[in-house]
Each structure stands twice: as C-alpha cells, then as structure tokens.
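Presented below is the structure to which this report refers.
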Amino acid sequence: MKSFRVLITALALSVCVTGVVAARWEVDLDQLLKTTAESEQEMLISKIVSANPSWQEVSERIQGMEFPEVEIGKIYLRKTTCSDGVERSWILYVPTSYDPVHPTPLFVNLHGGVSRPEPIPDSEALEFMGDNLFKNLAEENGWLLLFPFGQEGATWWDEVGMSNINDLVRTVKREYNVDDDRVWMGGYSDGASAAFLYAMVFPTDYAAFIALSGHMGTGSLGGDLHTYAPDFYNTPIYAVTSFEDQLFPSAKMRPAVEMAREAGGDIFYREQEGEHDFSYAEEELPKIVRFLERHPRDPFPTRIIWESAVPWFGTCRWFAIDRISADPPASWHVDHNLVLTDDRITIGFRHDDTFPGPGIKVREIVEGTAAEQMGLAAGDVIIRGKKRKIKDMDDLMAYKAGLKRGDSLELTVQRDGEKLVLKGQLPLPTNYYLFKRERPSAMARVSFSANRVEIEGSRLGGFSVFVHPDMIRLERNLVINVNGEEAFNQKVEPDLEFLLQNFLANRDRKLIYVAKIEVEI
Numbered sequence: 034m035k036s037f038r039v040l041i042t043a044l045a046l047s048v049c050v051t052g053v054v055a056a057r058w059e060v061d062l063d064q065l066l067k068t069t070a071e072s073e074q075e076m077l078i079s080k081i082v083s084a085n086p087s088w089q090e091v092s093e094r095i096q097g098m099e100f101p102e103v104e105i106g107k108i109y110l111r112k113t114t115c116s117d118g119v120e121r122s123w124i125l126y127v128p129t130s131y132d133p134v135h136p137t138p139l140f141v142n143l144h145g146g147v148s149r150p151e152p153i154p155d156s157e158a159l160e161f162m163g164d165n166l167f168k169n170l171a172e173e174n175g176w177l178l179l180f181p182f183g184q185e186g187a188t189w190w191d192e193v194g195m196s197n198i199n200d201l202v203r204t205v206k207r208e209y210n211v212d213d214d215r216v217w218m219g220g221y222s223d224g225a226s227a228a229f230l231y232a233m234v235f236p237t238d239y240a241a242f243i244a245l246s247g248h249m250g251t252g253s254l255g256g257d258l259h260t261y262a263p264d265f266y267n268t269p270i271y272a273v274t275s276f277e278d279q280l281f282p283s284a285k286m287r288p289a290v291e292m293a294r295e296a297g298g299d300i301f302y303r304e305q306e307g308e309h310d311f312s313y314a315e316e317e318l319p320k321i322v323r324f325l326e327r328h329p330r331d332p333f334p335t336r337i338i339w340e341s342a343v344p345w346f347g348t349c350r351w352f353a354i355d356r357i358s359a360d361p362p363a364s365w366h367v368d369h370n371l372v373l374t375d376d377r378i379t380i381g382f383r384h385d386d387t388f389p390g391p392g393i394k395v396r397e398i399v400e401g402t403a404a405e406q407m408g409l410a411a412g413d414v415i416i417r418g419k420k421r422k423i424k425d426m427d428d429l430m431a432y433k434a435g436l437k438r439g440d441s442l443e444l445t446v447q448r449d450g451e452k453l454v455l456k457g458q459l460p461l462p463t464n465y466y467l468f469k470r471e472r473p474s475a476m477a478r479v480s481f482s483a484n485r486v487e488i489e490g491s492r493l494g495g496f497s498v499f500v501h502p503d504m505i506r507l508e509r510n511l512v513i514n515v516n517g518e519e520a521f522n523q524k525v526e527p528d529l530e531f532l533l534q535n536f537l538a539n540r541d542r543k544l545i546y547v548a549k550i551e552v553e554i
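Residue numbering for the sequence shown follows this note's numbering, starting at 34 and increasing by one per position.
This is the structure in structure tokens:
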C-alpha cells in the first residue's frame with residue numbers, strides 16, 4: 034500500500050479589520066492588477082490579505098477588471114527584455130472591432146526561420162506585418178494578434194524564447210481584455226513546429242494549435258526537450274503538410290501524425306500540393322478560422338492524460354506532475370515514439386541573408402558536417418555547384434535537389450579574391466527518434482466528477498490538483514484517489530494569498546484557482 038503526504042496551500046490569519054482598511058483592499062487590488070514590480074506586488078498582496086476580504090469578492094473584482102481605451106486598427110511595435118537580458122521586439126495588432134469592455138480572442142503567431150543570428154529588423158517586421166495573412170484574419174474576425182520575434186539563443190524551444198512567449202501572453206492579458214478561453218497559437222514552418230511543442234509542454238493557456246508545414250519533433254530535438262505524444266489528447270491541433278515540401282514532406286510527417294493519433298492525440302490533419310511554402314493559404318485559412326471558432330478552451334476538462342519528465346512541463350489545466358519516481362512503469366504506460374530516417378540534403382552551413390549576391394555567402398559552418406569536412410569557411414561565397422551556376426538560394430536548392438545522401442559534393446567558392454573548388458561527400462542516411470529519450474517520465478490518466486478525482490498514475494512520485502469553485506463544491510469534501518487508494522478526503526479552504534499569486538503568474542481570469550492540493554506518494 035502506498036503512503037501519501039498532503040500539503041494544502043493555506044494561510045491562517047488573525048486580524049482585526051476596520052471599515053476603512055476593509056474598503057482599501059479594492060484600491061490595492063486594482064493597483065496589484067496593473068503593476069509589474071515584484072516588490073510592489075508582494076506588498077499589495079500582504080495588504081489585501083490583511084484586509085481579509087472574501088475570496089468571492091476578490092475573484093469577482095478580478096473577473097470584472099477594467100481595461101483602458103486604445104487606438105484600434107493599429108500595429109503596435111514594442112520592446113521587451115528577455116530572461117537573457119537582451120531587449121527584443123514584439124508586435125501586437127489591435128483590430129478595429131476591439132472594445133475594452135468585451136473579451137477578445139487572441140492569436141499568438143510564431144514565425145519561421147527562428148534560428149536566424151539576429152532578429153528581424155523592426156523596419157522589416159513592420160513591413161511584413163502590413164500584409165501578414167494572420168493579421169488580415171485577425172482584422173476580419175476580431176482577434177488580437179501577438180507576434181513575438183525569435184532568433185538563435187531565443188528560439189521557440191529554448192528557455193529564453195519560451196519564457197518570452199509566456200511572458201508576452203501575460204503582458205497582453207494584463208493590458209487588453211482577452212478572452213482566456215479563446216487564445217490560440219499557430220505558425221508556419223518553425224512556428225508550426227513550436228505549435229506542436231506547446232501542445233505537449235504548455236497547453237494550459239491555449240484552446241487550439243495551428244501547425245502549418247512543421248515538424249512534430251523539432252522542439253524536442255532542437256531544444257533538447259522530452260516530449261510525449263499522449264499529451265496531444267488535451268488540446269486540438271489543426272495540421273497541414275505539403276507533398277513536395279523540401280524539409281517536411283507529407284510522406285515523412287504522416288507517420289508521426291498517425292502515431293500521435295494512436296496515442297490519443299486530437300489532431301485534424303490535411304495534406305496539400307506544393308513545396309515548403311504557404312501556397313495553400315487561400316484554401317486552408319477559411320477552414321482554420323472555422324476550426325478555431327469551433328474549439329474554445331474547456332477550462333475544466335473532466336479527463337486529462339498527461340506525461341512529463343520534468344516539472345517545468347508538468348502542468349496541464351488543473352493537474353500537475355510534480356515528481357517522477359524510480360518505480361517501474363505501469364503496464365499501460367507505453368512509449369509512443371517513432372524512428373525516422375534523416376535523408377535530407379544539408380551541406381552544413383548557415384548563410385548570410387544580408388548578402389545581396391550574386392552567390393551565397395557563408396556565415397557559419399556547422400561542426401561535424403560535410404561543409405566542415407570539405408573545407409568550406411565563413412566568408413566564402415558559393416558561386417557554383419559542380420556545373421550549375423549558383424546566384425541565389427533557388428539555384429542552391431536546385432543543385433541540392435539532384436543529390437542524395439552519400440553522393441559526392443563539389444562547390445566552387447570565391448575566397449579572398451580567388452576561386453577554389455572544394456570537394457566532399459554527403460553523409461549516409463541516419464535514423465533518429467522523433468522525440469528525445471534520455472530520462473524516465475511519469476504519466477497520469479486523470480478524471481473528475483462530483484467532487485472526486487480519480488488518478489491512474491505511472492511513476493507518479495508527486496502531483497498537484499488546482500481547486501476552482503466551478504469545478505469543486507467547496508462545502509463538500511474533495512476526494513482524491515490514486516491507483517485505487519485514497520490520498521485525500523476533506524474540505525478545501527480557499528487561500529486568498531495563493532489565489533492572488535497564482536493569478537499574477539497566469540493572468541487567466543477563467544482559471545482563478547482558490548487552493549492547491551499537493552500530494553507526495
């Protein structure tokens with residue numbers, strides 16, 4: 034029989050409250066909802082808790098918070114300082130239909146090419162946003178559009194880039210009247226790969242994900258992250274690939290989608306003619322709009338299936354995996370993964386996209402690649418691939434299209450005023466796992482009904498249940514059973530300090546939790 038240790042987030046207070054102090058808490062709460070200074074937040078939380086308002090009063094005031102009038106139909110270019118101390122730009126588009134009185138959907142649009150050495154310059158970003166297809170959708174359908182900018186060292190799958198996205202979503206929610214149950218994420222290429230990733234690691238903020246011409250495993254492999262296909266169960270995904278895509282063709286991406294569906298993933302999948310481009314936009318975008326409209330978030334799903342290897346990625350809606358045990362996995366806890374073959378033609382360099390040409394200027398050599406082996410160097414300008422002249426990236430792609438893994442390479446480059454012919458060989462095809470696997474994971478199949486939470490756990494060393502009054506009747510005992518054994522059975526007292534701290538962390542007015550039950554097994 035398992036033993037359980039339970040911690041209920043709670044605060045015991047003995048205060049004498051005057052009428053003046055009690056009335057003051059509303060002013061303090063309004064200021065708390067505006068400030069971003071942590072020291073001021075701590076001071077205001079202490080004052081509000083000391084004033085001892087009911088949790089219902091505080092929750093209602095948060096839900097009814099007011100937002101300022103803003104200029105509508107406008108692209109706002111703003112700056113933020115990321116966790117690495119670097120200032121980066123981001124854009125918010127506010128549609129002409131925005132009314133601060135009414136909650137408005139928010140679409141988080143992630144761009145491709147996220148590993149570029151420098152972020153997109155502000156001037157190019159504004160020009161790009163002028164005819165951005167998702168910006169047009171946002172205007173037509175009355176959405177706010179958040180457009181972060183990533184780069185090498187702040188990609189969609191590293192700590193800096195992921196924290197930036199999470200922080201920006203909360204910034205927009207602090208300043209604009211966002212419909213928390215209609216926040217969506219999507220993008221093209223790397224942006225699509227990130228949408229897959231977020232569905233597996235940070236689904237709670239989002240109602241649905243849009244993945245256009247992406248790779249399900251990029252976030253895991255590129256970010257050195259452990260991701261799990263069963264996590265696709267919790268949030269619907271709309272995914273599209275193209276038959277002739279040079280990077281992620283349908284024939285190679287289809288098995289991953291089929292595997293994820295077999296694991297329980299909620300994925301609507303379509304295949305289109307075309308290469309690695311957005312030529313299918315005219316056909317797909319209206320369908321995407323209808324898909325999003327049909328999929329608002331369920332903030333309190335009655336069933337959650339969740340697998341995680343690290344606590345940072347351990348939370349899905351009202352349930353969190355806090356600790357992974359060293360126990361053997363349960364018989365039903367099987368790994369859903371896929372072996373893929375990497376036969377892409379990659380020479381192994383990053384080009385300088387500011388170079389006007391003709392030719393392709395090498396910015397950086399990737400270690401352990403054909404480029405390094407053949408002696409290609411930063412600063413070289415590639416002007417020929419065997420007999421084919423190379424004036425731009427289209428010419429280089431055409432040269433690569435005639436190659437296969439294991440073939441010889443021949444590039445003519447200009448270096449220091451001289452022409453050099455460099456020869457090498459592409460590596461043979463290699464096999465790899467779609468999702469990284471280096472550590473054990475815990476998995477939980479969780480359901481709730483009538484104040485009872487049932488958990489089937491595998492390697493589940495500790496977990497948390499977040500309590501919301503729309504989900505749990507607080508006047509009755511909450512019962513939590515783990516693998517058939519009772520782990521918790523008592524009433525839950527709302528904790529005002531936790532309520533405030535948790536709201537500031539998530540800025541979700543539909544998920545104002547009043548307590549957290551932590552259980553160690």
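Here a beta-carbon is modelled for each residue, glycine too, at the ideal position from N, C-alpha and C.
Next item on the list: Pull up the DSSP beta-bridge partners for residue 275, would you.
Entry: By 1-based counting over the sequence shown, the position of residue 275 is 242. Partner(s): 282 and 305.
Next item on the list: Indicate whether residue 413 and residue 383 have their beta-carbon atoms separated by less than 7 Å.
Entry: As a working note, residue 413 is residue 380 in the sequence shown. As a working note, residue 383 is residue 350 in the sequence shown. Against a cut-off of 7 Å, the Cβ pair of residue 383 and residue 413 comes out as no contact.
Note to self: Would residue 241 pass as an interface residue toward chain C - the criterion being a Cβ-Cβ separation below 7 Å?
What the structure shows: Here chain C cannot be found, since the structure has a single protein chain.
Next item on the list: Kindly indicate which three-state DSSP category residue 388 falls into: helix, strand or coil?
Entry: By one-based count along the sequence shown, residue 388 stands at place 355. Residue 388 falls in the coil class under three-state DSSP.
Next item on the list: Using a threshold of 7 Å, state whether the C-beta atoms of residue 211 and residue 325 are closer than that.
Entry: Counted from its first residue, the sequence shown places residue 211 at position 178. Counted from its first residue, the sequence shown places residue 325 at position 292. Result no, Cβ atoms of residue 211 and residue 325 do not sit closer than 7 Å.
Next item on the list: Going by CA-CA distance only, name the one from 63, 120 and 252 that's closest to residue 148.
Entry: Position 115 of the sequence shown, counted from the start, is the residue given in the question as residue 148. Minimum Cα distance to residue 148 is reached at 252.
Margin query: Using DSSP's beta-bridge definition, name the partner residues of residue 454.
Written below: On the sequence shown, residue 454 is found 421 positions in, with the first residue counted as 1. DSSP output for residue 454 lists 445 as bridge partner(s).
Next item on the list: Counting only runs of 3+ residues fully inside the segment 147-231, write out the beta strand (DSSP E) ranges in chain order.
Entry: 177-181 and 211-221
Note to self: Nearest by alpha-carbon distance to residue 462: which of 82, 102 and 374 is it?
What the structure shows: Taking the sequence shown and counting its residues from 1, one reaches residue 462 at position 429. Residue 374 is the option with its Cα nearest to residue 462.
Next item on the list: Within the segment 82-134, note down every full beta strand (DSSP E) run reaching 3 residues or more, in order along the chain.
Entry: 107-114 and 120-127, all fully within the segment 82-134.
Next item on the list: Take residue 399 and list the residues in its own chain whose beta-carbon comes closer than 6 Å to its own, dropping the five residues that flank it on each side.
Entry: As a working mapping, residue 399 is identified with position 366 in the sequence shown. Excluding residues within five positions, the ones whose Cβ falls inside 6 Å are 381.
Margin query: In whole angstroms, give me the CA-to-CA distance for residue 427 and residue 150.
Written below: In the sequence shown, counting from the first residue as 1, residue 427 sits at position 394. In the sequence shown, counting from the first residue as 1, residue 150 sits at position 117. Cα-Cα distance, rounded: 21 Å.
Item checked: Minimum length 3: unbroken beta strand (DSSP E) runs contained in the segment 234-259 -> 241-245
Check: Does the separation of the CB atoms of residue 218 and residue 180 fall below 7 Å?
Finding: Translated into the one-based positions of the sequence shown, residue 218 becomes position 185. Translated into the one-based positions of the sequence shown, residue 180 becomes position 147. No, the Cβ-Cβ distance between residue 218 and residue 180 is not below 7 Å.
Next item on the list: Below 6 Å CB to CB, which residues in the same chain sit around residue 408 once its five sequence neighbours on both sides are set aside?
Entry: For the purposes of this step, residue 408 is taken as the residue at position 375 of the sequence shown. Closer than 6 Å at Cβ, skipping near neighbours: 455.
Note to self: Out of 272, 116 and 295, which one is the CA nearest neighbour of residue 191?
What the structure shows: For the purposes of this step, residue 191 is taken as residue 158 along the sequence shown, with counting starting at 1. Checking every option, the nearest Cα to that of residue 191 belongs to 116.
Next item on the list: Could you tell me how far apart the beta carbons of residue 278 and residue 246 are, in whole angstroms, since I believe they sit closer than 8 Å?
Entry: For the purposes of this step, residue 278 is taken as the residue at position 245 of the sequence shown. For the purposes of this step, residue 246 is taken as the residue at position 213 of the sequence shown. The Cβ separation is near 6 Å, so the contact holds.
Notebook entry, point to check: Mind checking residue 12: buried by the 16 CB within 10 Å criterion, or exposed?
Noted result: This structure gives no information on residue 12, because the portion of the chain shown stretches from 34 to 554.
Note to self: Taking 8 Å as the cut-off, does the segment 312-331 touch the segment 267-281 (at least 3 CB pairs, one atom from each stretch)?
What the structure shows: yes
Check: Straight-line CA distance for residue 281 to residue 302?
Finding: As a working mapping, residue 281 is identified with position 248 in the sequence shown. As a working mapping, residue 302 is identified with position 269 in the sequence shown. Near 14 Å, if we compare the C-alpha coordinates of residue 302 and residue 281.
Margin query: What does the Cβ neighbour count give for residue 437, buried or exposed, with the cut at 16 atoms within 10 Å?
Written below: Residue numbering aside, residue 437 sits at position 404 when the sequence shown is read from its first letter. With fewer than 16 Cβ atoms within 10 Å of its Cβ, residue 437 is classed as exposed.
Checklist line | Buried versus exposed, by CB contacts within 10 Å (16 or more), residue 476 | finding: Translated into positions along the sequence shown, residue 476 becomes position 443. Buried is the call here.
Check: So what's residue 503 in DSSP terms, helix, strand or just coil?
Finding: Here residue 503 is taken as the residue at index 470 of the sequence shown, counted from 1. Coil.
Margin query: Spatial neighbours of residue 555 within its chain, please: C-beta separation below 8 Å, excluding the five flanking residues on both sides.
Written below: Look at the range of the chain in this structure, 34 to 554, and you will see that residue 555 is not part of it.
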